[in-house]
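Numbering (this note's numbering), first residue to last: 1 to 75.
For every residue, glycine included, the Cβ atom is placed at its ideal position computed from N, Cα and C.
On a predicted model such as this, the values are computed, not experimentally measured, just so you know.
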C-alpha cells in the first residue's frame with residue numbers, strides 16, 4: 001500500500017516529507033514521513049536513527065509546511 005493509497009483509504013493528508021507530531025508514547029515528538037509499508041507510515045522521529053511503523057490514524061497530528069494542523073487523529 002502506497003502513501004497515496006493510505007491517504008485515500010484513511011482520509012489523511014500524508015505525504016513523503018510531510019511533518020507530523022506523534023503523541024503515542026506519552027511524549028510529544030515531531031517526525032517526518034519517509035514512506036509507507038503494509039498500510040502503515042514509516043516515520044523518522046526527530047533524534048532517532050531509524051524509522052518506525054505508525055498507524056496513519058492513531059495519535060498523529062499532520063502538519064502543513066508552516067507547522068499548522070491539517071488533521072489531528074486524536075479527536
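- Taking a C-beta distance under 7 angstroms as the contact criterion, residue 30 and residue 42 do not qualify as a contact pair.
- Assignment of residue 4 by DSSP, reduced to helix, strand and coil, places it in the helix class.
- For residue 51 and residue 45, the gap between their C-alpha atoms comes out near 7 angstroms.
- Between the beta-carbon of residue 16 and that of residue 3 there is about 6 angstroms, and that keeps the pair under the 8 angstroms contact cut.
- Inter-residue distance for residue 61 and residue 25 is about 14 angstroms (C-alpha atoms, whole angstroms).
- Under DSSP, residue 23 forms no beta bridge with any residue.
- Assignment of residue 36 by DSSP, reduced to helix, strand and coil, places it in the strand class.
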